[in-house]
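Undergrad: Please read through the structure below; I'll follow up with questions.
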Amino acid sequence: MSKVLVLNGPNLSRLGAREPEIYGNASWADLVSLVENTAAKLNLAAEVRQTDSESELIGWIHEAIDSSSDVVINPAAFTHYSYALRDACAMLTKAKLRLIEVHISNPHAREEFRHTSVISGVATGVIAGFGIDSYALALQQLAKS
Ligand code: DQA
């Protein structure tokens with residue numbers, strides 16, 4: 032069974048309560064259920080994690096490399112400025128593992144600082160703007176090959 036780490040950055044545990052007009056009404060628990068149910072149907076061994084810590088997130092990317100896991104990542108605000116996370120993601124894709132960057136909102140339709148992703152240039156692909164369904168779309172893509 033193909034392994035996938037589904038990693039989430041800062042403030043995403045507040046889903047449902049945090050700016051619902053932007054991120055929707057689905058809660059963090061709803062997101063975890065959606066990912067677990069979708070992964071089970073697709074025969075993927077997925078594990079969902081969230082952290083507010085850049086260091087922990089980078090450690091999880093290292094773990095994915097060492098365990099040959101693909102990654103779905105919503106880097107949240109780290110998307111826009113974390114060169115350290117980008118460097119970790121670059122190691123993963125250079126190791127021929129896949130990394131799909133996902134966003135719940137469409138950052139390109141929001142404030143200017145969100146238009147830059149330092150992660151996209153080293154990602155396998157990017158899915159944004161479909162609410163929590165962005166994660167299901169990413170898993171469907173990983174299940175194809
Ligand atoms: C986000 C978009 C980011 O700009 C923001 O900092 C987030 C969430 C999204 O999923 O839409 O925390 O990654």
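Position one of the sequence shown corresponds to residue 32 (our numbering), numbered consecutively onward. Glycine is no exception: its CB is placed at the ideal position from the N, C-alpha and C atoms.
(1) With a cut-off of 8 Å on the beta carbons, I'd call T147 and H93 a contact; round off their distance for me.
(2) Heavy atom of ligand 1 less than 8 Å from the Cβ of P51, yes or no?
(3) Work out the CA separation of S84 and S113 for me, nearest whole Å.
(4) Could you check if E132 is buried or exposed, using at least 16 other CB atoms within 10 Å of its CB as the buried criterion?
(5) Going by alpha carbons, who is nearest to N42 out of A77, S151 and N105?
(6) Rounded to whole angstroms, how far is the Cβ of L128 from the Cβ of S99, which I believe are closer than 8 Å?
(7) I'd like to confirm the pairing. Which residues does DSSP put opposite N105 in its beta bridges?
(8) Just to confirm, is the Cβ distance from T69 to Q171 under 9 Å?
(9) Whose CA, out of E52, G47 and N137, lies closest to the CA of V63?
(10) Any heavy atom of ligand 1 closer than 8 Å to the Cβ of H111?
(11) Within its chain, find whatever has a CB closer than 6 Å to the CB of A76; leave out the 5 residues flanking it on each side and keep chain order.
(12) Please name the residue in Y54, P51, G40 and V153 whose C-alpha comes closest to that of R117.
(13) On the three-state DSSP scale, how would you describe G162?
(14) So A107 packs on G40, CB below 8 Å; how close in whole Å?
(15) Give me, in chain order, the residues of the same chain whose beta-carbon lies closer than 7 Å to that of M122; leave out the 5 immediate sequence neighbours on both sides.
TA: On the basis of the coordinates in this document:
(1) Wrong, their Cβ atoms sit about 25 Å apart, outside the cutoff.
(2) no
(3) 12 Å
(4) buried
(5) N105
(6) 7 Å
(7) N39
(8) yes
(9) G47
(10) yes
(11) M32 and K34
(12) V153
(13) coil
(14) 3 Å
(15) I96
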